[in-house]
Each structure stands twice: as C-alpha cells, then as structure tokens.
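Chains as they are written, first to last, in this note's numbering: chain A, 110 to 437; chain B, 2 to 316; chain C, 1444 to 1765. Just so it is clear, CB atoms sit at the ideal spot from N, CA and C, and this is done for glycine as well. Presented below is the structure to which this report refers.
Right, here's the structure in full:
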C-alpha cells in the first residue's frame, strides 16, 4: 500500500539573470507521509521548505523548474499532470494554509463565499447543503455564531479568527493532505496555542495528514510525529520527533537546539558561526561544513549522501559513519 | 535569503560598479534603449551630422532647377520627394519642404527641440511636483489640505486647453513651451509622490530620525526625497512622451514653438494640406519621429516601473 | 546594577475616539492605563505582552514620540514632560531605540556609515574625522568590519542589519536603549547571535535595556526582571527566573503555557484561554482579565486588583494574592 504522499529525490532550481544564476532551492528532498500523520518540515529562511510545498502543488514561480525527482499522491505521479489536472488536486486532495491570513482572504468577498468556494467546486455542493457545510466547517474551527459571521468580511475579524477561517477553507474541499506553511507566525502566543490545539483536534477528527512547515522547534515538539530538518535545499536529518529532540544526529540540528533560549535558564546560547548559505554559491562538499563544529576533511570535499541509521533516523552527514567506524 | 559576500577593496569597488552598471544596462529592453540612444545622439550632434542647415533652403543643382522650373538657376526647389521616388536625390534623402529646406536636417534639429523641450519641461514639472508632494505628504495638516486641493483642481483642467490658454498669454517661444509644460504637469507628480511619502512616513527609519530629534527639513532632504526618486523616475519617463505630444500639439496649433524653428509638431502643422496633395513625406516623417520618441519613452517607463517596484521593498 | 535610571509612575495614555467636530469625544482607547516601573542603570527590564496590550505605546511614550495623558516619566531624576529644547535633545541622545523590522529601520538610500553617524552628527559637534573613527569603533563593537561603512543596507542580511541598528542606537553613548522586538523578525540561529551581542554590550558598556517582546524565553534570557502587560496595565513584575519558576498571575501562567515546549515531553500546565483580547475601548469592569480567567471569582468583576508587592521584588495585580 503506497504512502499517502511520497516525495522522492526532488530537485527544483531557480534560473535567474537569463540562466546564468542557478539557485538550487530544492536539491534532493525525499520523504513520505501517511494518513493522519503530522510531518514537520523545519528550517530557517531560504532552506527550501516553502519551495518544497509549492513544488508539491506545482505552484512554483515561472523562474523555477523541477529538474528531477518524483512526487506521488497515493501512487499517482503528480509531476506528469497538466495544470488542469493539478487544479483538480489543489483544494480537493491537497489543501494549503499560508502564513498571512490577510493575504489568503479576499477582502471583497464574505466569509461564506470564501469558505463555500472549495466545497462548491470540488464537492459540487449547492444551495442549502452548501450552507449547511459552511456552517459545519465554521463550527469545526470554533468560530462563534457561524450563521451570523458568515456574512462578515475578512477585515471585520481578528487575526486569530481569520487564520481559523483559512483553516476552514482548507478543509472545505475535503482534502487528504493539508500543507500548513508557518500558519501561526503572525499570531499572538495565546491565540497560537488555541489554533494549534484546533488543528490537532481537526486532524484527529478527519484523519487528514498534515505537513507543518515552521522555523519554530517548539511547535514541532508539540504538533509533529515525524520531523525533517532542511538546510540549503536538502533534508539534513529526518526522524521521529522524540528522536530529533533527544538524539539529534546532525550537527545543524544540535546547533539549532542549543541556540534557542529555554525558559527558566540563562545558560549562554550556542552561536552558530557564519551566515546562512547563499544558494547560488554553495560551498564544496557538505553545505553546512563552513559552520559545522564537527567538520572533518571529508566534509569539505564530498557531499554527504543519505545515511539510514539503525534507529530509523536519516541524516546527511559523514559523522555517524565516522563514529561507527571509530567505535569499531 | 542569500547573503551577498561583502568585499570592499578599492579596486574591487570600481570593477564592482562597472559590473553592476553593465548588468543594469544589459537588462534595459534593447529596442527603446536603441531608439532613444539614436534620438539623443542625433539631437546632440545635429549641428555636426545634419547634411544641411535648418533654416536655409538647400542650394539646388541646375538639373533640378531645370526639371522643376525650366530655368538654369533658382533659389530653391520645393517639395522634392524622398530619394527612392522619382525626382528625389540623395542630397536631400527625405525630400524638401515648401521652402526648399532639407527635411532630414530639419528633423535632426527638431530632435534637439523636441527632446530639450520635453526633457526640461518634464524636469521642471517633476521638480515642482515632487517638492509639493513631499511637503504635502510629510508636513500633513493644512500643508496637505492646501496643496492637495490645488493639485486636485489643477488635475481637472484639460491640459491641452490650459496649455493653449497659457501660451496665448505668454506668446509662442521655445522656453514658453517649457514653462507651460512645467505648469501643466506638476500636479501628476505631487499626487503620486504624496502617496509614496505617506507610506514612507510610517517606515521605521523615518520614525527613528524623528525620535532622534532630527529636523523636518533634514528628514525630507536625507530620507524622503532619495526614497521617492524611484516613483519620480518612472513618472518622469512616462511623462516625457506626453510632453512631446503636448509640445507637438501646441506647435501644430500655432501656439508653441514659432516658425521657422523646426519643431516636429510645427513641421506637421505646416504640411497639413500637403498630405492631401500627395506630398506625404512632409508630414509622415515628423510623425514617425514623434511616434518613435513617445513609444520608446513609454516602453522604457513601463519597464522601469516593473523593474523598480519590487526593489522598493529592498528584499 | 545601579541606581534608578528611568522611573515611570502611573503612566497613562488615552487616545480619543470619535469625531471631535460636533459630537465631542465618544470614547477613549486606554492604550496605557496607569503603569509604574523602574529601570536601574546597567539593567534590563523585559516587557511581555500580546498585541493590543500597550507595550508599543509605552515604548513611544518613553521615546518621547508621544505625550502622556497623565503620569510621570523621570529620567536621571528629571521629569520628561518638563524638558525643552537642548535638554530634550539631550534626552533623545541618551534614550535610543532598536526596532523590530531590520528591513525598514535603515534608510535604503544612505550608506550604513552615514546611517550610524546620523545621531552623532545631530547631537554633537564633532569633526568628520572623529565621526569616522567612532563609526568604525561601533561597527567593530557589533561584530562587523569597519570597511563596511560604505555599503548600502540592502547588501546586508537581516541579522547584520539589526547589528547596524544596534550600532546606531549606541552611537551617542545612550544610557537606555528601548529594544522593540529586536529579534522577532530574524532567523532562529541568528537570534542567538543578536541576543548574545546585546548581553555582551550591556556587560561592557553598562547600558540599560527595555526589552519588549512576545517571546517569553528570549525576554527571560536577556532581562533581569520581567513585567507582563495586559490591556494597558501591568499584571505582574518579578525577577525573570523567579517568574519562570513560579508565575503567579493567571495571564502569566497562560503565557507560559502558550509558549511552546522545548521538547516533546515537557509537562506544561495546559491553560488555553477562551475568547479574544477585548478591545481597549471598552475594557471589562473590575479586573480587565476576568472574562478569560480560568480562576475567576465574583470579586474580580467588581473590583480592579492593584499591583501590590507579594514578596520582595514581586508585584502581582490579582485578587488571588491580595
């Protein structure tokens, strides 16, 4: 039985300045997603996590091209589909929630119109059944007095409410996968907690699989089952969430975990030396080696391949091999 | 996203600037750039490259005089057609007008006039408009009210009619046309610039300057004006085309550049009837020139608008 | 740690709402409604709260960008409202700010050397040579190279721009720097850089900070003491580590619950607040937090709790404790 979503060795490059500048935004990303699973995609800006989401729904900008790999939804190849076929998939089988709710909502249309749209197009609901569905969705995302608020416009709602409505729109088409790209970055912390709990409840109720893209490891700790850490367009580590926090295998993950201030302690933060990488001029060998505290000679020369470790973790690093051989 | 590695050696600076300039120039769409370069070149070097004078008739050859008037000598031969038609000569490749003056040379000198008038007129308009727009946007309150109400009123005036009015007061003349263009068009700038400034005013670097107690005039000079230049440049390039047409229209109507100066619009005006009489070259060539100038200015302005817009966010 | 540098007493800022043309003022937005705190020299006070709590307005009041409706701000013993002319300029020289957005806080068309030099040139009469050497010193202080002064802001990354903003804030030997969400817009790994830089600078220059943020962990790391704001009022003020160890006010507890765990099994008291932040135009009667409070008592809707000291250095505004 194939996984719900499988991405295999995906590569997408941006071509700029008339083809002279190549930015390897996604450079060999592989992961799979099962129904009901929450998969976290973590990384900083420029690591390729947003590009990966766009690639899955085939909405990369014109200057980008998918140059290799496969994306399969329930075994069906998505890369071979035409844009018309992808329109059937977007919203209906894969839905997205983006970061800025104000940008996701059309200021000129009522909440009803916007939540009803996917249900209208993808599920062919009409009339009273459509109204009923919209009401159900708004209640599911815990909008009080949905009947009344359906008629409101986006600017009449608060930020937290808007993001929940975006969630309702995502659910309206009845998708199997929801890709949430930093949905809580613009929200207050207490609203964020409400929202994350809501997402978890919705997921449990509908069995939808969730890809959660974020730079916040705290959200990952709370929400995700499986996590992949991205750096310079590659997945450098992928494990269960517990494995990642208790046994991080890649030096970047370890550095990241140590550089975050933790509540209740003033221990000095670990500072990752150097700057985030310039994707058009990546260093030779491992992309992280200029900043890596454990860099070896091999790292500077040869780009690490994916190592599958015994505990199920995957990492792109020469260190585990080295540790295994030195341990004998 | 990406970090541009920072190198700051002096030699590195120079070559960096050169490389950057080349990259910028390479990006400008080639067609308008080419057309504008040609026009600019011609305008600047007209006195040197024009085959004949702009005011004096071409000294005709005896054959021409014989063919036209049946005499051996004549002061000028009028309405000679372009060289590729019968009766034309290479000496006056685009023909001559009703006074025997070489059309090509007059077109070249006319380029001078059109470009100078359009550019300086638009520049003055831009200067006045930008200043007023910045004051209205930044000083706010009654500055804003007064300046914007005047702007609104000005904008409702039909520009051509207003220009005609002004010119009937001032009389014809090249610099009067410049003045008129400035007076008619400043309002377009002030409106756009005010909008820009309203947005800029809320940006943190302006707030910061205010917190630091820096005077308003200094803020306008150092922070606001440099940052509205993007919008102003785009507007400028788009307005140049309009200015050319207005000047041509004014000259056409007889209230712009006075004859015998060779303004393209004037040339078209004087040869209105010639078109009917079959002497198409007298009106068509100036028309082509005007079209070329306006088209390339517009294309450039459009490209500039698209190119500069995302950069306003500096990301 | 030294004597009080900034003392704020019962500070209020109310914005009028409604047309003042005919009907007069219809209501007041009580953005800041009676807050008092002290920042000692060389110390950092953290100010936490969510949107609409009034922390931005507070920073504007302290920066003299807005005038208080009532209450006092005393800096180095002088009341801000009484300062005029050169004394006010002196205040502005000594109290600087670093904003959140590294992309809009630097003038895009000025070279960074000029940006950093601007406060120096505004406040002091100094030769160009000295300005240049001070700019070079400042760049080194924040971990950048002096030869970068000729570059433009867009040639720097977000983290580097924040460093430039910090350099500018320190250019006039400020004694108090208001840091308004200085790391929220930066990448996770860069935040550590900036936080460490700020702490290092404080140790070296004994400058005080007002650290405003919504990320509790960052605030607690940088600040010696933390104040929690809700709807224009302070609900709790305490030593940062004590606050983390045992938050008293229900809102503080909710903030802690909401600030995400640092690992998956971290036990947290789950307090999910219901509803939204009420409008500052019509704050609830009594305690402004009571409609959302999981520990609400009848008294809370009638009487407003005052910020009182429940243990040395700890102040809470809640009927549970007084």
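Item	Value
Contact belief for residue 1493 of chain C with residue 1720 of chain C at Cβ below 8 Å, rounded distance in angstroms	6 Å
Proximity of residue 300 of chain A and residue 327 of chain A at Cβ, strictly below 7 Å	no
Cβ-based neighbour list, residue 33 of chain B, same chain, cut-off 6 Å, excluding 5 preceding and 5 following	297, 300, 301
Residue environment, residue 72 of chain B, which counts as buried when at least 16 other CB atoms sit within 10 Å	exposed
Through-space distance from residue 1637 of chain C to residue 1755 of chain C, alpha-carbon basis	32 Å
First and last residue of the uninterrupted alpha helix (DSSP H) at residue 194 of chain A	192-198
Burial state of residue 214 of chain A, where buried means 16 or more other Cβ atoms lie within 10 Å	buried
Boundaries (first-last residue) of the beta strand (DSSP E) holding residue 1636 of chain C	It is not in any beta strand (DSSP E) - residue 1636 of chain C instead sits in the alpha helix (DSSP H) that spans 1631-1648.
Boundaries (first-last residue) of the alpha helix (DSSP H) holding residue 1 of chain B	What the structure shows of chain B is the stretch from 2 to 316, and residue 1 of chain B is not part of that stretch, so it cannot be assessed.
Three-pair Cβ contact test at 8 Å for the region 226-245 of chain B versus the region 109-127 of chain B	yes
Between the CA atoms of residue 1739 of chain C and residue 1733 of chain C - distance to the nearest angstrom	6 Å
Contacts of residue 206 of chain B in chain C (Cβ-Cβ under 7 Å)	1547, 1548, 1549, 1550
Contained beta strand (DSSP E) runs [length at least 3] in the region 125-178 of chain A, N- to C-terminal order	130-142, 147-151
Counterpart residues of residue 1489 of chain C in DSSP-defined beta bridges	C/1654, C/1669
Neighbour-count burial assignment, residue 233 of chain A, 16 or more Cβ in a 10 Å radius	exposed
Reference residue 307 of chain B; option with closest CA among B/35, B/30, B/70	B/30
Rounded C-alpha distance that separates residue 298 of chain A from residue 159 of chain A	22 Å
Terminal residues of the beta strand (DSSP E) in which residue 1751 of chain C lies	1751-1754
Coil, strand or helix - residue 419 of chain A by DSSP	coil
Check whether residue 1724 of chain C and residue 1472 of chain C have beta carbons under 7 Å apart	yes
Neighbouring residues, chain B, relative to residue 1617 of chain C (Cβ below 7 Å)	The contacting residues do not exist; residue 1617 of chain C stays about 10 Å from chain B at best.
C-alpha gap between residue 407 of chain A and residue 1483 of chain C, whole angstroms	52 Å
Local conformation of residue 171 of chain B per DSSP, three classes	helix
Per-residue burial, residue 1566 of chain C [other beta carbons within 10 Å of its own, 16 or more giving buried]	buried
For residue 231 of chain A, the three-state DSSP class (helix, strand or coil)	helix
Within 7 Å, strictly: CB atoms of residue 21 of chain B and residue 58 of chain B	no
Short CB-CB distance (under 7 Å) between residue 197 of chain A and chain C	no
Under 7 Å by beta carbon: chain B residues contacting residue 1565 of chain C	213, 214, 215
Proximity below 7 Å, CB of residue 197 of chain B to CB of residue 147 of chain B	no
Residue 152 of chain B (DSSP reduced to helix, strand or coil)	helix
Among C/1451, C/1524, C/1560, the one whose alpha carbon lies nearest that of residue 1573 of chain C	C/1560
Selection from A/413, A/134, A/147, A/303 that minimises the alpha carbon distance to residue 321 of chain A	A/147
Chain-order list of residues whose beta-carbon lies under 6 Å from that of residue 2 of chain B (same chain, five-residue window excluded)	Legend: pLDDT at residue 2 of chain B = 37, less than 50; position of this residue unreliable, value from coordinates given subsequently. Around residue 2 of chain B: no qualifying Cβ.
DSSP-derived helix/strand/coil call for residue 381 of chain A	coil
At least 3 beta-carbon pairs within less than 8 Å: the region 1593-1612 of chain C vs the region 1511-1528 of chain C	no
Continuous alpha helix (DSSP H) stretch holding residue 1471 of chain C: start and end	Per DSSP, residue 1471 of chain C belongs to no alpha helix (DSSP H); it is in the beta strand (DSSP E), 1470-1483.
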